[in-house]
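Protein chains in written order, with the working numbering: chain A, 35 to 44; chain B, 2 to 216.
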């Protein structure tokens, strides 16, 4: 599944 | 941060500055869709809720605040400014935005990373941004007057997400396991929505003539 990474994009 | 994403963010910022300058310098918002501006305000509010509880970087925070402030400034000009609001073609800007908001919200409830309020709202903002330009494109078709600054505004607004597509390809190949299907699919749809406009914009630019949309 998607990288539950921190939302670093605007 | 890579050059494609930075270029995308700067193009996005520039598009908003161009629109603000157009409205402030000409004291007119003719040809500009208030509905699209309000949809973008909803996109920013629902996407940047994390301003209150997570800090990514100074750049990230500053840009979010600028996007929120400029979005509301443009709406204030179009709704409240005594001169500008008279130039808003209300009877032409009639796109039924509920037909965009409701499906995007339902889709965000069905397809998301996690069933939490902030995550669903964030996902909603991703889907809504893909279609937020539609009222503006419909207004252009109706009024036919694509003045230079409004044309440049739409061109840059479409270009920023195209640059983000390049950024996602770059990150996919450079960051192991980096995937964001929801954002990728939505961003692709968003860029495709602009393709027709891009075609006529580039044609006008190559023929060095004023941009005109087909009948």
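All residues carry an ideal CB built from backbone N, CA and C; glycine is no exception.
- The beta-carbon of residue 165 of chain B is placed less than 9 Å from the nearest beta-carbon of chain A.
- Fewer than three Cβ pairs drawn from the stretch 68-88 of chain B and the stretch 109-116 of chain B lie within less than 8 Å of each other, which leaves the two stretches out of contact.
- Spatial neighbours of residue 201 of chain B in its own chain (CB-CB distance under 7 Å, excluding positions within 5 residues in sequence) are listed in chain order as 212 and 214.
- Per the Cβ contact rule, the stretch 116-132 of chain B is not in contact with the stretch 165-176 of chain B (fewer than 3 Cβ pairs under 8 Å).
- The C-alpha of residue 30 of chain B is placed about 5 Å away from the C-alpha of residue 24 of chain B.
- A direct Cα-to-Cα measurement between residue 135 of chain B and residue 10 of chain B gives close to 21 Å.
- Remark: C-beta atoms of residue 155 of chain B and residue 141 of chain B approach each other more closely than 9 Å.
- Within the stretch 117-168 of chain B, the complete alpha helix (DSSP H) segments of 4 residues or longer fall at 118-132 and 135-144, listed in chain order.
- In this structure, B/125 is the residue among B/125, B/98, B/120 and B/52 with its C-alpha nearest to the C-alpha of residue 108 of chain B.
- At a cut-off of 9 Å between beta-carbon atoms, residue 148 of chain B makes no contact with chain A.
- Separation of residue 2 of chain B and residue 22 of chain B (C-alpha to C-alpha, rounded to the nearest whole angstrom) is 28 Å.
- The DSSP-derived three-state label of residue 64 of chain B is helix.
- The three-state secondary structure of residue 51 of chain B, taken from DSSP, is helix.
- Shown in chain order are the members of the stretch 6-18 of chain B whose Cβ falls below 9 Å from a Cβ of chain A: 6, 9, 10 and 13.
- With 16 or more neighbouring CB atoms inside 10 Å of its own CB, residue 45 of chain B falls in the buried class.
- Against chain A, the CB of residue 58 of chain B has a partner CB under 9 Å away; the residue lies at that interface.
- Residue nearest to residue 35 of chain B within the set B/80, B/71 and B/60 is B/80 (criterion: CA-CA distance).
- For residue 121 of chain B, no CB of chain A lies under 9 Å from its own CB, so it is not counted at the interface with that chain.
- At a cut-off of 9 Å, the C-beta of residue 65 of chain B has a neighbouring C-beta in chain A.
- Residue environment for residue 92 of chain B: exposed (fewer than 16 other C-beta atoms within 10 angstroms of its C-beta).
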